[in-house]
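Beneath this line is the structure, given in structure tokens, with notes to follow.
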Amino acid sequence: MHILFLYNSFGGKGLSKRQIGYIKKNLEELDPLFEFVTTASAMDFKERTLASCGTFDYLLISGGDGSINLAINQLAERRNAPILGFFPTGTCNDAAKNYGINKNIKRCMEIVKQGYFEQFDILKCNSHYSVFAMALGGLSNIPYLTSRKGKKHLGSLAYYALGITQMFRTSKIHGIAQFSNGDKINFCTPFLIILNTSHVGGYNVNPHSNVQDGKFDVYIPKQRPQVLAMIPFLIHSKKIPHYLVDEIVLKTDCEDAWDVDGERGEKGSMHIKMVPKGIRVLCYKNRRKKK
């Protein structure tokens, strides 16, 4: 196997010198010619990710959910894309949880050594891709408005601190949801949430999620103060109006930017469709037993 390890030092809290030494030592045992690269910027990260196609068998990434999103947007639907492996260093690492991966570096390395991988679904949103979640309205801008400095020092508390200041903000989104069978519904809601994941913001809000069934969940709560709408979503999301689909068009004139995997996305209407088995990921064999 030929391995490229991309270390996004700007993603999450980063790796310690000791952790980097441990990773390099173990990778050398697997591939004496492995490459370990600390990327200088988001653009450098994207360019090196794209260049890995057809050159490396495995692309291992250290960073947060945003780093995974950057990588997926370079590799999605490419036949010569390498198999992915993750060493999460982000604040919540919601995407990695779907694959049975956590922040334990030794466990991440064991997953790489075992070499077990599966194919997982991803979302195509207009001309871009999402790994696990999208949102509009409500508190959806918290992940990308929270400063990287705050997240490095306070972790998830940085999200909560900013969320408290905005939780009583009025949010009302009007629009039309158009389904692939031709059905349409008009909606007025405090927020829209699209999930291809079990975890959001560190919470297991969608416990029955299956990231290999070719479907994703669309949540459109009834209009009410966003705090009252968010509480039942966090406690038991299946009790609020939602749809299990493989494609949907959400037309809205909301001027806010979409949250896409915790990063600032596009504004306006969104055509979202499932890309079945869109990526190959090194994962924990018994991930379905442990969330």
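In this note's numbering, the protein residues as written are 11 to 301.
For each residue, glycine too, the CB sits at the ideal point set by N, CA and C.
Taking buried to mean at least 16 other C-beta atoms within 10 Å of its own C-beta, is His209 buried or exposed?
buried
Classify Asp193 as buried or exposed, calling it buried when 16 or more other Cβ atoms lie within 10 Å of its own Cβ.
exposed
For Ile289 and Pro231, I'd like the C-alpha separation in whole angstroms.
30 angstroms
Where Phe66 falls: helix, strand or coil (DSSP)
coil
Terminal residues of the continuous beta strand (DSSP E) containing Val215?
Segment: none, Val215 is in no beta strand (DSSP E) and carries neither H nor E.
Taking its Cβ as the centre, do 16 or more other Cβ atoms sit within 10 Å of Val285, making it buried, or is it exposed?
buried
Mind checking which residues open and close the alpha helix (DSSP H) that includes Ala81?
75 to 85
Confirm, please, whether the CB-CB distance from Tyr126 to Leu14 is below 8 angstroms.
no
Excluding the 5 residues preceding and the 5 following Arg58 in the sequence, name in chain order all residues of the same chain whose CB lies nearer than 8 angstroms to its CB.
Leu14, Leu16, Val47, Thr49
Whose C-alpha, out of Ala86, Gly95, Glu273, Leu60, is nearest the C-alpha of Ser72?
Gly95
Return the CA-CA distance between Leu205 and Thr99, expressed in angstroms with no decimal places.
22 angstroms
Let me know the secondary structure DSSP gives Phe55 once reduced to three states.
helix
Asp41 by DSSP, collapsed to three states: which one?
coil
Could you tell me which of Phe142, Gly147, His252 sits nearest to Gly387, measuring between CA atoms?
Outside the modelled stretch of the chain, which goes from 11 to 301, sits residue 387, for which no answer is possible.
Start-end ranges of the beta strand (DSSP E) lying completely within the segment 263 to 297, minimum 3 residues:
267 to 270, 273 to 277, 280 to 292
Comparing alpha-carbon positions, which option in Lys116, Asp227, His184, Lys107 lies nearest Gly278?
His184
Determine the burial state of Ser157: buried for a count of at least 16 other Cβ atoms within 10 Å of its Cβ, exposed for fewer.
Confidence in Ser157 is poor, its pLDDT being 44 and thus under 50, which makes the residue's placement unreliable; the coordinate value appears in the next sentence. That one is exposed.
Do you know whose CA, among Gly76, Lys34, Gly64, Arg88, lies nearest Arg274's CA?
Gly76
To the nearest angstrom, how far is the alpha carbon of Asn103 from that of Phe20?
15 angstroms
Going by the DSSP bridge assignment, what does Phe46 pair with across the sheet?
Phe15
Looking at the unbroken alpha helix (DSSP H) that takes in Asp104, where does it start and where does it end?
104 to 107
With a 10 Å radius around its C-beta and 16 neighbouring C-beta atoms as the bar for buried, classify Pro200 as buried or exposed.
buried
Count the other CB atoms, across all protein chains shown, that sit within 10 Å of the CB of Ser51; report buried if there are 16 or more and exposed otherwise.
exposed
Using the C-alpha atoms, what's the distance from Arg89 back to Ile132?
15 angstroms
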